[in-house]
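Residue numbers (the numbering used here): 74 to 205.
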Ligand SMILES: Cc1cc2nc3c(=O)[nH]c(=O)nc-3n(C[C@H](O)[C@H](O)[C@H](O)COP(=O)(O)OP(=O)(O)OC[C@H]3O[C@@H](n4cnc5c(N)ncnc54)[C@H](O)[C@@H]3O)c2cc1C
């Protein structure tokens, strides 16, 4: 393996699967109800306007369900080995993923705002800064 990536959860991250994107879809439903209520007796009759939670969640899943597989396909298509499990550093050049040791010359811990690099036990800032 030359490049590998690990996630304890399905690939896609918080933004695409649990945060930003699904939040916007669910919030839109609430906005529609709120707007209709605000306009009550101002030209809009809001009787019967309500949230069908199951249907709204189905709509949301229409966006989120395909993300993990799509992301894994893209990663593997680019030659990246995808691993799943909880990663824990156990030494300068090694980490354990659910009980299995992995060694590497360099580890990157990307986050939305920065990317930390661990090489031979030295933690330093990477030259790159990842953004979504
Ligand atoms: C409800 C909600 C709504 C949001 N809405 C917005 C918005 O509208 N706009 C906005 O800008 N931001 C929003 N955010 C924030 C945004 O989602 C996060 O800032 C962003 O996802 C952070 O990205 P990240 O790559 O740092 O972390 P994440 O996307 O959380 O990815 C980190 C990944 O690392 C994995 N991981 C962590 N530790 C380990 C480990 N030891 N071993 C293996 N895997 C591990 C996790 O499973 C996770 O998949 C929202 C967040 C939430 C919760």
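Positions of the beta carbon are idealized from the N, C-alpha and C atoms, including for glycine. None of the values given here were measured: they were computed from a predicted structure.
So residue 96 is in the alpha helix (DSSP H); what residue range does that whole segment cover? 93 to 111
Closest residue to residue 122 among 130, 135, 128, 105 (Cα-Cα distance): 105
Provide the residue span of the alpha helix (DSSP H) that contains residue 140, from first to last. 140 to 150
Whole angstroms are fine: how far does the CA of residue 100 sit from the CA of residue 176? 43 angstroms
Check whether the Cβ atoms of residue 77 and residue 154 sit closer than 8 angstroms, and answer yes or no. yes
Rounded straight-line distance, which links the Cα of residue 179 to that of residue 79: 14 angstroms
Exposure label - residue 82; buried when at least 16 CB within 10 Å: exposed
Could you check the C-alpha separation between residue 181 and residue 171 for me, to the nearest Å? 18 angstroms
So, using beta-carbon positions, are residue 168 and residue 157 closer together than 8 angstroms? no
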